[in-house]
Structure formats: structure tokens, C-alpha cells
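One line per chain: the protein sequences are C and U, in this order. So in this note's numbering, spot 79 of the first sequence is number 79, and the numbers just go up one at a time. Add 110 to the 1-based position in the second sequence for this note's numbering, that's all there is to it. Following: one structure in C-alpha cells, then a few remarks.
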Amino acid sequence: MAQHTEHHGEKLPAQTKEIWKTFWILLGITALEFVIAFVVDPDHYKWTKIGLFIILTIVKAYYIVGIFMHLKHEVKSLIWSVVLPCIFVVWLIVALIVEGGYIGFERFLK
Amino acid sequence: MASANTSTTAEHLMWKGGIQPMKVGYGKLMMWFFLLSDTFTFSALLISYGLVRFSFPTFEGLRHNFEFSNAWWPIPERVFEAVPFLHGVQAPLVFVGIMTFILIMSSVTMVLAVEAGHRRDKADVEKYMLWTILGGFAFLGSQAWEWGHFIHGTEHGLTLANGTKIFGANLAQNEYGPAAFADFFFFITGFHGTHVLSGVVLNVLVFYNAANGVYEKRGHYEMVEKVGLYWHFVDLVWVFVFTFFYLV
């Protein structure tokens, strides 16, 4: 991060290579998601599709948070202060999705 | 190694106690923690959607036989298949795809503005902030159209068991599926849209200040970075909404 270069009145060259690389990665992954949505047979591979979508979403999130939000280049303590509390989200997903299945069983199948 | 920090860290990034926890400015660290709390809010909304969706039956037949009914959860790609100016054309997910592209693009121009701020290039910051604001408005306009279409519904609507027909969606009933489906649509995309709107307002303020030379006088463009974090977060949330509301 060449952040505090003294201002001499002349323009410094822009450092945009990594930004555009990330843009193409994000665009490529989104395009891939569309391909999967239309090509993979939903009747037989429903959970394969959902699994792929979730993995690709997490990859996209990694690039947005890591490169665009610059978290990848922050100090370790900041990275973990942001990433570790998200464990609670994982817990909530597991807890509530399982609960939702039971609610549905009680309401519609019993 | 607080003494080592003090000698190398820029004055404006120093906290009042003379040191700099986690090597970021105070405002930026607090922005991170605010975004973490916002992560929990959005996660709670999306996970509640998951809970309710799992508690409803799914359509049992093959995908191409799918019909809308209040008895089971709709398949999202069959709900969101309209595109402006292409009336009657079935183009599943194309319009949300365009909206996703708009938001990713405006995230790119935002990060370009942050990069220009590092170089203290006032003209470039202004240029990229304007593009980002334009992207924000484009997204909000698309969302307004999407809401309008969702609320007004299709021409054939849905015929209930008692013979009455319903068109479009409101909070009590909708032609796509259980009432909860439309409720979650309004709440989740609405809450995200509100974030986009406040992000646009912040971007306009930053553009105004940058154009008036406020940051030039201040000697740094850290404000662009802080608002940039918020803007990227809005993009990040959309990535998850796109997957869990539209794709899955």
C-alpha cells in the first residue's frame, strides 16, 4: 500500500492491474453460475447445483472482501476480528435449517 | 512496538492515545465492526428465509411441469423471468444478472476511486465517484422495475381453489406461492435496496467533498476508503441475495 507518497503536483501512475483482474474473476464466476443454472439438470442434480452455487458464492465473497475491501492486506488481528465472529452465522444456518425441516414435518407431513 | 508505529504511521491515522490498534484509523476500524453487525442482520434475514422455505413443501414433479400454487414454495427462476421492454418473453434470471453486473461494475469503479485517493489524484477520484453513483442509481432503478413487475404480476395470474383469481403480490397473498415468499422478497430486497440508497447518499457526499477540495485540504482521502468499504459490503450482500433468493 503506497499510501502516503508526497504530493508533488504531478500524477502518479494508477495501480489498477489487481482491480481489473478481480473484476474479470467475479464476472467469470457469475457467468459460470448462469451456465450451471441452465445446463445442469435440476431434477436429478438439485443438491449438486445448490452445493456448487454456495461454493462459488463463497469464492466471490472472498475476492470482494479480500481484494476490494482490502482485508487480505490488513494485519492478522483485524482479519480474524472480522472473520471469526462469522462462525455464529454458520451456527445459525445449521440450527435454523434443521429446525425448518422439523417445522415442515409437523405442519404438512404428519 | 508502539514506538516503531509512531515513527512510521501518518498523523491522521493515529488514535488519540498516540498508538494505532490493528494498524488502521479509528473510523475505518469502526466501519469494519459496523459492517460485521450488518452481516449478522442480513444473515438473520436470509437464514429465516431458509427456515421458512425448508418448512414448506417443495414441488414434487419434474421441473418443466412446474405450476405456481400457494401449497408449495415457488422455483425462483420461474418467478423472475421478465425483462423490461421484452413483454411476454421468458428470460429467466436475465434481469437479475444485469443487476448483478451493474453492482459489481460500480464496486470496481469504487475501488478505482479509492486507488485514486491513495495517489491523491482529485480529478480521478471525482470521475470514479461519479461512475459509482451512476451505477447505484442504475441498480435502484432496476430494482424499482423489478418490484413493480412483482407487485403487478403476470397476465394469467393464479386461480385459487375457490375460483377467485389473484394477480401479482402483496403482503397477504401472491400469485407465486405462499404469502411468506413475497414477504421475504419485499423485506430482504427492500432492506438491501435501502442500503444501496444510503450508500448512494454517502457517495454523493464524498463526491461533493472531493470536488470542493475538502480531502485535498485535509491531506488524505481516507473518507473515500471508509465509504468504499460500505459500498463493497452492499455488493457483497447482493452476491448472497442473488444466490439464495434467485439461484437456489
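Note that CB positions come from ideal geometry on N, CA and C, so glycine has one too. On a predicted model such as this, the values are computed, not experimentally measured, just so you know.
- In its chain, beyond the 5 residues on either side, 71 have a beta carbon closer than 7 Å to the beta carbon of residue 79/C.
- The three-state secondary structure of residue 275/U, taken from DSSP, is strand.
- Contact of residue 217/U with chain C by beta-carbon distance below 9 Å involves 23, 26, 64 and 68.
- Counting only runs that start and end inside the stretch 207 to 291 of chain U, the alpha helix (DSSP H) elements of at least 4 residues fall at 232 to 262.
- With its beta carbon at least 8 Å from every one in chain C, residue 148/U lies outside the interface.
- The stretch 331 to 348 of chain U makes contact with the stretch 210 to 222 of chain U: 3 or more CB pairs, one atom from each, lie closer than 8 Å.
- Residue 182/U and residue 25/C have their C-alpha atoms spaced approximately 36 Å apart.
- Using a Cβ-Cβ cut-off of 8 Å, residue 305/U does not count as an interface residue toward chain C, since no Cβ of chain C sits closer than that to its own.
- Within the model, the alpha-carbon separation for residue 152/U versus residue 298/U is close to 8 Å.
- What residue 39/C touches in chain U, judged by beta-carbon distance under 9 Å, is nothing: the nearest beta carbon there is about 13 Å away.
- Taking residue 242/U as reference, the option from 228/U, 230/U, 213/U and 136/U with the minimal CA-CA separation is 213/U.
- Look at residue 261/U: its C-beta is not under 8 Å from any C-beta on chain C.
- Under the three-state reduction of DSSP, residue 330/U is assigned to coil, being neither helix nor strand.
- In the three-state reduction of the DSSP assignment, residue 148/U falls in the helix class.
- Under the 10 Å beta carbon count, residue 209/U is surrounded by 16 or more other beta carbons and is classified as buried.
- Contact residues of the stretch 132 to 148 of chain U toward chain C are 132, 133, 134, 142 and 146 (C-beta to C-beta distance below 7 Å).
- Shown in chain order are the members of the stretch 185 to 200 of chain U whose Cβ falls below 9 Å from a Cβ of chain C: 185 and 187.
- At least one C-beta of chain C is nearer than 8 Å to the C-beta of residue 345/U.
- For residue 35/C, the nearest beta carbon of chain U is not closer than 8 Å to its own beta carbon.
- Closest option to residue 13/C, judged by alpha-carbon separation, among 313/U, 228/U and 155/U: 228/U.
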